[in-house]
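Participant:
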Amino acid sequence: MDNAREDVLGRLLVDSGALTRAALDGAREEQRRSGRPLGAVLLRKGLVDEVQVARAVATQMGLAYVAPPFDPDPAALKKVQPALARGKGVLPLSLKGRRLTVAVGDPLEADVIDHLRFQSGCHVEAVVAPPSAIARAVRDVYGGELPELLERLGSTGSPEGRGNLQVLEQEASAAPIVRIVDHLIATAIDRRASDIHIETHGAGSRVRLRVDGRLATATELPPGTHRAAISRVKIMAGLDISVRRRPQDGGFTVRQGNAELTVRVSTIPTQGGEKAVLRLLDPGDAPADLASLGLSSHDLVRLRQILKRRQGVLLAAGPTGSGKTTTLSGAVAELSGGKINIVTLEDPIEYTFAGVAQMEIDTRAGVDFPSGLRAILRQDPDVILVGEIRDRETAEIAMSAAVTGHLVLSTIHT
Numbered sequence: 007m008d009n010a011r012e013d014v015l016g017r018l019l020v021d022s023g024a025l026t027r028a029a030l031d032g033a034r035e036e037q038r039r040s041g042r043p044l045g046a047v048l049l050r051k052g053l054v055d056e057v058q059v060a061r062a063v064a065t066q067m068g069l070a071y072v073a074p075p076f077d078p079d080p081a082a083l084k085k086v087q088p089a090l091a092r093g094k095g096v097l098p099l100s101l102k103g104r105r106l107t108v109a110v111g112d113p114l115e116a117d118v119i120d121h122l123r124f125q126s127g128c129h130v131e132a133v134v135a136p137p138s139a140i141a142r143a144v145r146d147v148y149g150g151e152l153p154e155l156l157e158r159l160g161s162t163g164s165p166e167g168r169g170n171l172q173v174l175e176q177e178a179s180a181a182p183i184v185r186i187v188d189h190l191i192a193t194a195i196d197r198r199a200s201d202i203h204i205e206t207h208g209a210g211s212r213v214r215l216r217v218d219g220r221l222a223t224a225t226e227l228p229p230g231t232h233r234a235a236i237s238r239v240k241i242m243a244g245l246d247i248s249v250r251r252r253p254q255d256g257g258f259t260v261r262q263g264n265a266e267l268t269v270r271v272s273t274i275p276t277q278g279g280e281k282a283v284l285r286l287l288d289p290g291d292a293p294a295d296l297a298s299l300g301l302s303s304h305d306l307v308r309l310r311q312i313l314k315r316r317q318g319v320l321l322a323a324g325p326t327g328s329g330k331t332t333t334l335s336g337a338v339a340e341l342s343g344g345k346i347n348i349v350t351l352e353d354p355i356e357y358t359f360a361g362v363a364q365m366e367i368d369t370r371a372g373v374d375f376p377s378g379l380r381a382i383l384r385q386d387p388d389v390i391l392v393g394e395i396r397d398r399e400t401a402e403i404a405m406s407a408a409v410t411g412h413l414v415l416s417t418i419h420t
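The opening position of the sequence shown corresponds to residue 7 in the numbering used here, with each subsequent residue numbered one higher.
#1: Do you know how far the Cα of residue 322 is from the Cα of residue 334?
#2: I'd like to check one pair, residue 286 with residue 299: are the Cβ atoms closer than 7 Å?
#3: Which of helix, strand or coil does DSSP assign to residue 277?
#4: Going by beta carbon distance, what residues of the same chain come within less than 6 Å of residue 59, once the five residues before and after it are set aside?
#5: On a CA-only basis, which of 91, 51, 141 is nearest residue 75? Give me that one, please.
#6: Does the Cβ-Cβ distance between residue 361 and residue 344 come in under 7 Å?
#7: Kindly indicate if chain D contains any beta-carbon less than 7 Å away from that of residue 269.
#8: According to DSSP, is residue 119 part of a helix, a strand, or is it coil?
#9: Kindly indicate which residue of 380, 113, 386, 207 has the alpha-carbon position closest to the one of residue 232.
#10: For residue 162 and residue 211, I'd like the C-alpha separation in whole angstroms.
#11: Could you check how far apart the C-beta atoms of residue 97 and residue 109 are, in whole angstroms? I think they sit under 8 Å.
#12: What whole-angstrom Cβ distance do residue 72 and residue 132 have, given they're in contact under 8 Å?
#13: Does the distance from the C-beta atom of residue 253 to that of residue 274 stay below 7 Å?
#14: Since I believe residue 92 is in contact with residue 144 (beta carbons under 8 Å), could you give me their beta-carbon distance rounded to a whole number of angstroms?
#15: Does DSSP put residue 332 in a helix, in a strand, or in coil?
#16: Since residue 420 and residue 325 are thought to touch, with beta carbons under 8 Å apart, how far apart are those beta carbons, to the nearest angstrom?
#17: Entirely within the segment 217-253 and at least 4 residues each: give me those alpha helix (DSSP H) ranges in chain order.
#18: Could you check if residue 219 is buried or exposed, using at least 16 other CB atoms within 10 Å of its CB as the buried criterion?
#19: Output the distance between the C-alpha atoms of residue 405 and residue 376, rounded to the nearest integer angstrom.
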């Protein structure tokens with residue numbers, strides 16, 4: 007969506023009373039920094055809901071708005087293949103002669119109308135509806151894709167064993183396993199999961215997602231498919247699929263709308279087979295400031311007072327996925343303004359900030375937390391962010407820095 011259209015969207019939401027001018031200004035600032043569409047920023051910050059955005063987009067584009075529940079015409083459904091409906095988030099509603107009416111969440115998505123026109127052979131007329139409602143309806147009318155893929159794969163999966171390189175490559179490149187891994191990643195993104203775990207479980211294999219700090223099983227993989235799923239992930243991450251007896255680390259990127267997410271992959275050998283953990287990172291999803299974290303007014307004032315100090319240590323403590331890094335990133339965003347020198351040491355870098363020197367751990371190059379922190383202290387820093395205090399040596403260096411004129415921000419697991 008170009009700047010002119012986004013200005014219209016923001017104005018429509020303000021004029022309708024769905025959004026205040028101050029909230030819109032804050033969202034625009036985050037949009038400029040992150041590169042994400044204005045509507046996506048507003049939804050992420052909880053300033054508006056999907057219905058309000060969909061109505062505003064419909065008004066902006068001069069299209070009709072359709073509210074769920076939907077009653078799609080079976081003849082219209084036959085004109086659009088399930089894969090296109092799922093992939094583009096569109097729902098065929100009616101077919102009158104050669105005129106096909108479809109519900110879309112984002113009528114500006116590149117080529118979506120052209121794809122529909124080409125596949126259906128019809129004149130396509132778009133109406134706007136909330137994306138999540140469209141997704142639910144598509145699953146209801148077309149059926150879920152994952153159970154079908156798992157059933158197909160379960161009937162063709164090969165026994166788990168050592169396997170040579172050619173066999174591993176063939177398994178990882180099979181169409182069903184490619185689509186299953188893609189589907190699992192898309193599901194994790196939709197559920198705002200921070201991690202995907204693919205692991206052996208008894209005689210089979212399971213996939214778990216970490217959402218809001220808690221792990222829950224998303225699906226079970228058929229017997230004989232675990233190795234293929236792991237190999238597929240390793241290929242995507244640029245890892246050696248023939249190496250199965252030692253840990254490996256890699257990564258890749260996936261696109262979600264106009265944003266690119268980074269996926270960090272870690273594999274380890276376990277008794278039942280390799281385990282892979284995929285960490286999902288959205289560099290453009292960084293908090294714009296402390297106010298965007300949803301803190302109480304009392305905690306917000308207190309935290310800002312702490313950040314005004316010239317030295318000391320601020321520790322964010324909590325379990326995995328609880329928001330420690332996000333909290334400190336909000337602090338860095340608030341402090342960054344060009345008047346102080348902020349340097350970070352992270353493993354990995356999750357969010358990027360303009361005007362902030364960010365350093366990443368690279369053990370192969372000899373850069374760990376202690377050595378990296380010592381190097382940073384020679385860079386005349388005012389504020390130092392240490393991604394995590396993992397050992398006694400790092401803790402001692404951080405505390406020493408905190409009493410010699412530096413403000414140190416870090417996290418610890420609890």
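Think of the CB as a built atom: it goes at the ideal place given N, C-alpha and C, for glycine as much as any other residue. If you're wondering where the values come from, they're calculated on a predicted model, not measured in any experiment.
Facilitator: Answer, in terms of the structure:
#1: 7 Å
#2: No, the Cβ-Cβ distance between residue 299 and residue 286 is not below 7 Å.
#3: coil
#4: For residue 59, the CB contacts under 6 Å within the same chain, skipping 5 residues up- and downstream, are 45 in chain order.
#5: 141
#6: yes
#7: The chain inventory of the structure shown lacks chain D, comprising one protein chain alone.
#8: helix
#9: 207
#10: For residue 162, the predicted model reports a pLDDT of 48, less than 50, meaning its position is unreliable; a value from the coordinates is still stated below. Whole-angstrom Cα-Cα distance: 16 Å.
#11: 4 Å
#12: Going by Cβ atoms, the distance from residue 72 to residue 132 rounds to 10 Å, so no, they are not a contact pair.
#13: Yes, the Cβ-Cβ distance between residue 253 and residue 274 is below 7 Å.
#14: Yes, they are in contact, since the Cβ atoms of residue 144 and residue 92 sit about 6 Å apart, within 8 Å.
#15: helix
#16: Between residue 325 and residue 420 the Cβ distance is about 6 Å, and since that is below 8 Å, they are a contact.
#17: 232-242
#18: Burial call: exposed.
#19: The alpha-carbon atoms of residue 405 and residue 376 are separated by roughly 12 Å.
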